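Engineer:
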Ligand SMILES: [Zn+2]
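Residue numbers (the numbering used here): 381 to 728.
#1: Taking contact to mean at least 3 C-beta pairs separated by less than 8 Å, is the segment 587-600 in contact with the segment 412-426?
#2: Using only CA atoms, which one of 416, 424 and 705 lies nearest to residue 507?
#3: Please find out if some non-hydrogen atom of ligand 1 comes closer than 6 Å to the beta-carbon of residue 658.
#4: Using a Cβ-Cβ cut-off of 8 Å (strictly less than) and excluding sequence neighbours within five positions of residue 392, which residues of its own chain qualify?
#5: Considering Cα atoms alone, identify which of 565, 677 and 566 is closest to residue 702.
#6: Alpha carbon to alpha carbon, how far is residue 724 from residue 576? Give it in angstroms, no decimals.
#7: Cβ of residue 597 within 6 Å of any heavy atom in ligand 1?
#8: Sort 457, 501 and 530 by Cα distance to residue 597 and report the nearest one.
#9: Thinking just about the alpha-carbon of each residue, which of 402, 518, 444 and 477 is nearest to the one in residue 466?
#10: Among the residues of its own chain, which have a CB less than 7 Å from the CB of residue 659, if the five just before and after it don't count?
#11: State the start and end residues of the unbroken beta strand (DSSP E) segment that holds residue 491.
#12: What distance in whole Å lies between the Cβ atoms of residue 582 and residue 560, which are believed to be in contact at a cut-off of 8 Å?
#13: Starting from residue 680, follow the beta strand (DSSP E) in both directions and report where the run begins and ends.
#14: Using CA coordinates, which residue listed in 525, 468 and 555 is at the minimum distance from residue 505?
#15: From which residue to which residue does the beta strand (DSSP E) around residue 624 run?
#16: Any chance the CB of residue 471 is under 6 Å from a heavy atom of ligand 1?
#17: DSSP state of residue 458, grouped into three classes?
#18: Examine ligand 1 and report whether any of its heavy atoms sits within less than 6 Å of the Cβ of residue 588.
#19: Just how far apart, CA to CA, sit residue 727 and residue 715?
#20: Count the other CB atoms within 10 Å of the CB of residue 463; is the residue buried (16 or more) or exposed (fewer)?
#21: Compute every distance between the C-beta of residue 497 and the non-hydrogen atoms of ligand 1, then say whether any falls below 6 Å.
#22: What's the call for residue 482, buried or exposed, on a 16-neighbour Cβ count within 10 Å?
#23: Please determine whether the Cβ atom of residue 604 lies at a distance below 6 Å from any heavy atom of ligand 2.
#24: Under 8 Å: do the segment 558-573 and the segment 622-630 share three or more Cβ pairs, one atom per stretch?
#25: Between the segment 448-457 and the segment 534-548, do three or more beta carbon pairs fall short of 8 Å?
#26: Going by C-alpha to C-alpha distance, which of 685, 424, 709 and 671 sits closest to residue 694?
#27: Ignoring anything shorter than 3 residues or poking outside the segment 533-603, list the beta strand (DSSP E) runs there in chain order.
#28: Am I right that residue 594 and residue 623 are in contact with their C-beta atoms under 8 Å? What's the rounded C-beta distance?
#29: Between which two residues does the beta strand (DSSP E) harbouring residue 404 extend?
#30: Leaving out the 5 sequence neighbours to the left and right, which residues in its chain are closer than 6 Å to residue 516 when beta-carbon positions are compared?
Given below as C-alpha cells:
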C-alpha cells in the first residue's frame, strides 16, 4: 500500500462515518428559552440486512484496547472500548494538502440528511443582535411556484445562497430551512463536491391551524421538494443520489364518510375532484418534478420504517435506466474517440 493510500484511509476514517448520514444544524439562537449553536447529528441508516438503528450521537465506539493479564486467577485478556468523534475535521487543519484531499472526502463521500423546517417560533427561534435588534425573519416559503412572483423569490434566495449574503439580510425561508441554510453556510466552492442528500418529512394533507396543530407540524415534504428542485438544479451540479423518507400525515382531513355527507349537502357539487391522498401527492411529485433533476443517477424512497415505497419503484427504475443509458452512450463515445486517435496515430 502506498503512502497516499494510507493517508487517504486515515482521512476517510476521520471524516466519513460509514453509511451513516450527517445531519447538520446551522440555525443558531441566543434566545435564553431556546439557545442553540451550530451542531450536527449522525443519523444511522439501515445496514445491509435492513436493520435500522436510530439517530445516534456524534460519538462512536471505535478503538479497542486489549491487554493481557496474568494474575492469580489465571490468564485473561482485558478489552477496553474507547469512544471517538464520528467526524473529526481537525485533521483538515494539518496542512494545505490534507485540507484539499480531506475536504473532498468530507463533502463527496458523506450523505447529508435534512428534516423539513418547522416555522414555529420555538423551533425557528429569534436571536438578539449586538445592535439590540431582534432577528426573526419570516420562515414562510414562497408558494406556489406557478406564481411568477413567488418563483422570483426563489431566484432571489438562490442568489443569496450563492453570494453568501449576511445572515441579517437573508430571506427568512432560507435562514430557517435546514437544507438551504447548510448550502448558505458551506458556500459555492463546496457545492460541486456534494453527491448524496437525504430528505425526511411528512406528506401533509391538512392546512395547519394553531388551535389544532400548536406549532408541531413541519413544512410539507412535497412542497419543500418542489422548492428545492430548482435550487438543486442551479446550485448542486454533481448531485447523484437523493434518498427520501416520506411519512404519512398523522392528522389527515376528516374521514371519507364525512366528505360524502358534505357532498350531499352542497348539491350540484357531486362531481367534486377526489381529495388528494399522501400517495397521489407523492406520486405526482416523483413522476413530474423529480424527473427534471438532470444529474441524479439514483433515487431511493422509503417510509419511516425503512421499507421501500412501492409507488416510487417506477421512478427509482427510471433514474437507474437513464443512468445506464448515459453510461453506455459515454462508453461508445469514448471508444469512438480512442479509435479515431489510433487511426490518426497510425496514419502519421
Ligand atoms: Zn398542522
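C-beta atoms are modelled at their ideal positions from N, C-alpha and C, and glycine is treated no differently.
Remember, it's a predicted structure, so these values are computed and weren't measured experimentally.
Structural biologist: Here's the rundown:
#1: Flag = no, the segment 587-600 and the segment 412-426 do not touch.
#2: Residue nearest to residue 507 within the set 416, 424 and 705 is 416 (criterion: CA-CA distance).
#3: The answer is no for residue 658.
#4: Hits under 8 Å: 485 and 489.
#5: Closest in alpha carbon position to residue 702, among 565, 677 and 566, is 677.
#6: For residue 576 and residue 724, the distance between alpha carbons rounds to 41 Å.
#7: Residue 597: yes, Cβ under 6 Å from ligand 1.
#8: Just measuring C-alpha positions, the residue of 457, 501 and 530 sitting nearest residue 597 is 501.
#9: Looking at the Cα atoms, 402 is the closest of the given residues.
#10: Cβ neighbours of residue 659 beyond the five flanking positions: 691.
#11: Note, residue 491: beta strand (DSSP E), 491-495.
#12: Rounded, the Cβ-Cβ distance is 19 Å, inconsistent with contact.
#13: Taken as a continuous stretch (DSSP letters only), the beta strand (DSSP E) holding residue 680 covers 678-682.
#14: Taking only the C-alpha atoms, the option nearest residue 505 is 555.
#15: From DSSP, the beta strand (DSSP E) with residue 624 extends over 621-628.
#16: Answer for residue 471: no, Cβ out of range of ligand 1.
#17: In the structure shown, the three-state DSSP call for residue 458 is strand.
#18: A heavy atom of ligand 1 is found nearer than 6 Å to the CB of residue 588.
#19: Approximately 18 Å, taken between the alpha carbons.
#20: Classified as exposed, residue 463 has fewer than 16 neighbouring CB atoms from the shown chains inside 10 Å of its CB.
#21: Result no, Cβ not under 6 Å from ligand 1.
#22: The residue is buried, with at least 16 neighbouring Cβ atoms inside 10 Å.
#23: You won't find ligand 2 in this model; what it holds is ligand 1.
#24: The segment 558-573 and the segment 622-630 do not touch, with fewer than 3 CB-CB distances between them shorter than 8 Å.
#25: Using a C-beta cut-off of 8 Å, the segment 448-457 makes no contact with the segment 534-548, since fewer than three inter-stretch Cβ pairs fall below that distance.
#26: Checked all of 685, 424, 709 and 671; the closest Cα to residue 694 is 671.
#27: If only uninterrupted beta strand (DSSP E) runs of at least 3 residues are considered, those enclosed by the segment 533-603 are 576-583.
#28: Approximately 30 Å separates the beta-carbon atoms of residue 594 and residue 623; this is outside 8 Å, ruling out the contact.
#29: Start and end: 401-405.
#30: Hits under 6 Å: 506.
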